[in-house]
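Accompanying notes for the structure given below.
Chains as they are written, first to last, in the numbering used here: chain F, 3 to 308; chain P, 3 to 308.
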């Protein structure tokens, strides 16, 4: 099945307790399409960069089977830039600097060859842009997954609320779920969000795993306990890419298959945090991924006589 | 198999965002023996109270099959008292007042009929008292489980370190694991603790579940996502009581059975937080417990083709 992803392709500068980087490649859509590339073709990207974006990185995306026809390269303009600094617990971070650059007036043009995609991943960008993408598709995809962040809940709440009824799955973290609903208890927050539109809600809890809610069913996927979290940047996007990539590959949106997709997403995210930026998810093998999924099975399997 | 539990039997006064209590019955050994009572007999208790402790509560313990021969009632003295106030997130609390009373010079006398117990639960009290119990047993139990808390890591670190080589399983929460080892990453903290003595380490993460470490194996048990956490007091002790109670009932200390025991402990803890104090774990039925364990199975079960 075909996947279409929209979101940012960016430069990041990161500082963690383990070190800091110069400008490296980041952005939600970068992580999502790379992660999904281990599962699905066609893997179509709609995004925008400036002419400062290196061809070598576009080559890497293409090398992973990402279709970059929808990647606009704006001459004389600069790529979106974000820099952040992680606290010692690695769970919280401060934004040091944001330069919107080409993202300031991003117009998500969808190439004709991307129409009729079955799976749509609305990676983190403004809800207005995300909605434009939905509106511009001539046929509604089989499954629309939406990611968002605290910034949009804060400054574009109405746009976000208008978008929610159009999507099937909302992926967000625990703090964002609490912010969106005003409810501390995640079970109640998920129920409230489902009334806003999406039938399925995934709440990511970082090192504490992820919860999948649909109807009266809840599935909990652990995070892999790691000795070292080197850099959490992109882990949420990598999760989303693995999740929708696995669904698109198997073309099965049942709850049981979504559970598997959450495990595959969690496995992909567990790789992402091992190195700076997208470094680790660029050079994975299918065997490594399958082995990591096996670790999740071992981690959470038990049997009881019922 | 027989279980022996040592620990506090106390009065608590609690304040949560949902309300506050007058003096109610609490204490580590109260929660442990009540929780274990759904699994094991004999269920022997070594503890001390003052003459202000109500006979009605002793009747409740006995009604659950708890053997109270080892419960000292000191005339003219008062029962240990603790009062605490929970913050809005229910994960953190402040101690408002502590009156040691009879716990100040507690001498854990072990009745002859308690000797030869196969399972020993060292509930939270000072490491010196816990060690006295181990020393006074004429035969080493098959399995010794130790619980402790930040206070003892802080003020009785040497006593605790002397006790650790004598026990098989240490149960503690994430913050205590970090405090004991100075390591933020729980995988490394667990490895460090295992070098201190206990072959098995359980790190409780409250609403985020629990991790079981043994050799190079890790098992993760989720916590049940709850709409309402009414009062977390005693949840950790209730977990420990369910864990060792299940092990004593099945008399199987293999890793696979410890995984099941962690699930049973987590199920018991999920009941505990539903009402104030020990109220909820006093009136459970075996069917309710089995049904709750079934919810844990549903919550974490998935299948992947490997």
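Glycine included, C-beta positions come from ideal geometry on N, C-alpha and C.
Is residue i close to chain P? Criterion is C-beta to C-beta, closer than 8 Å.
i: residue 302 of chain F; result: yes
i: residue 229 of chain F; result: yes
i: residue 224 of chain F; result: yes
i: residue 186 of chain F; result: yes
i: residue 210 of chain F; result: yes
i: residue 108 of chain F; result: no
i: residue 34 of chain F; result: no
i: residue 100 of chain F; result: no
i: residue 295 of chain F; result: yes
i: residue 275 of chain F; result: no
i: residue 75 of chain F; result: no
i: residue 265 of chain F; result: yes
i: residue 171 of chain F; result: no
Would you say residue i lies against chain F (beta-carbon separation less than 8 Å)?
i: residue 308 of chain P; result: yes
i: residue 243 of chain P; result: no
i: residue 89 of chain P; result: no
i: residue 292 of chain P; result: yes
i: residue 261 of chain P; result: yes
i: residue 221 of chain P; result: yes
i: residue 213 of chain P; result: yes
i: residue 190 of chain P; result: yes
i: residue 299 of chain P; result: yes
Roughly how many angstroms lie between the CA atoms of residue i and residue j, to the nearest whole one?
i: residue 87 of chain P; j: residue 195 of chain F; result: 31 Å
i: residue 15 of chain P; j: residue 180 of chain F; result: 30 Å
i: residue 160 of chain F; j: residue 265 of chain P; result: 42 Å
i: residue 241 of chain F; j: residue 225 of chain F; result: 11 Å
i: residue 317 of chain P; j: residue 141 of chain P; result: Chain P is shown from 3 up to 308; residue 317 of chain P falls before or after that span and cannot be answered.
i: residue 289 of chain P; j: residue 251 of chain F; result: 41 Å
i: residue 128 of chain P; j: residue 167 of chain P; result: 16 Å
i: residue 217 of chain F; j: residue 202 of chain F; result: 8 Å
i: residue 165 of chain P; j: residue 151 of chain P; result: 14 Å
i: residue 285 of chain P; j: residue 68 of chain P; result: 15 Å
i: residue 79 of chain P; j: residue 111 of chain P; result: 18 Å
i: residue 46 of chain P; j: residue 154 of chain F; result: 57 Å
i: residue 72 of chain F; j: residue 63 of chain F; result: 12 Å
i: residue 42 of chain F; j: residue 132 of chain F; result: 22 Å
i: residue 58 of chain F; j: residue 147 of chain P; result: 57 Å
i: residue 293 of chain F; j: residue 287 of chain F; result: 10 Å
i: residue 304 of chain F; j: residue 220 of chain F; result: 18 Å
i: residue 234 of chain P; j: residue 25 of chain P; result: 16 Å
i: residue 32 of chain F; j: residue 190 of chain P; result: 32 Å
i: residue 85 of chain P; j: residue 70 of chain P; result: 25 Å
i: residue 278 of chain F; j: residue 22 of chain F; result: 9 Å
i: residue 39 of chain F; j: residue 74 of chain F; result: 20 Å
i: residue 27 of chain F; j: residue 109 of chain F; result: 21 Å
i: residue 227 of chain P; j: residue 188 of chain F; result: 7 Å
i: residue 113 of chain F; j: residue 19 of chain F; result: 42 Å
Assuming residue i contacts residue j under a Cβ cut-off of 8 Å, what Cβ separation, rounded to an integer in Å, is found between them?
i: residue 125 of chain P; j: residue 30 of chain P; result: 4 Å
i: residue 269 of chain F; j: residue 295 of chain F; result: 5 Å
i: residue 232 of chain P; j: residue 276 of chain P; result: 6 Å
i: residue 222 of chain F; j: residue 302 of chain P; result: 6 Å
i: residue 162 of chain P; j: residue 143 of chain P; result: Actually they do not touch by this definition, with Cβ atoms about 19 Å apart.
i: residue 34 of chain F; j: residue 239 of chain F; result: 5 Å
i: residue 205 of chain F; j: residue 36 of chain F; result: Rounded, the Cβ-Cβ distance is 23 Å, inconsistent with contact.
i: residue 149 of chain P; j: residue 173 of chain P; result: 5 Å
i: residue 5 of chain F; j: residue 119 of chain F; result: 7 Å
i: residue 200 of chain F; j: residue 170 of chain F; result: 6 Å
Going by DSSP, what residues sit across from residue i in a beta bridge?
i: residue 154 of chain F; result: Bridge partners of residue 154 of chain F: none, in fact.
i: residue 22 of chain P; result: P/17
i: residue 88 of chain P; result: P/95
i: residue 52 of chain F; result: F/76
i: residue 175 of chain P; result: P/206
i: residue 28 of chain P; result: P/12
i: residue 147 of chain P; result: P/123, P/171
i: residue 132 of chain F; result: Bridge partners of residue 132 of chain F: none, in fact.
i: residue 83 of chain P; result: P/13, P/101
i: residue 47 of chain F; result: F/7
i: residue 216 of chain P; result: P/202, P/219
i: residue 69 of chain F; result: F/46
How about residue i: is its C-beta nearer than 8 Å to some C-beta of chain A?
i: residue 203 of chain P; result: Among the protein chains of the structure shown, namely F and P, there is no chain A.
Using 8 Å as the threshold, is the region 43–52 of chain F in touch with the region 4–11 of chain F, meaning 3 or more CB pairs across them?
yes
Should the region 130–147 of chain P be regarded as contacting the region 90–97 of chain P, the criterion being three or more beta carbon pairs within less than 8 Å?
no
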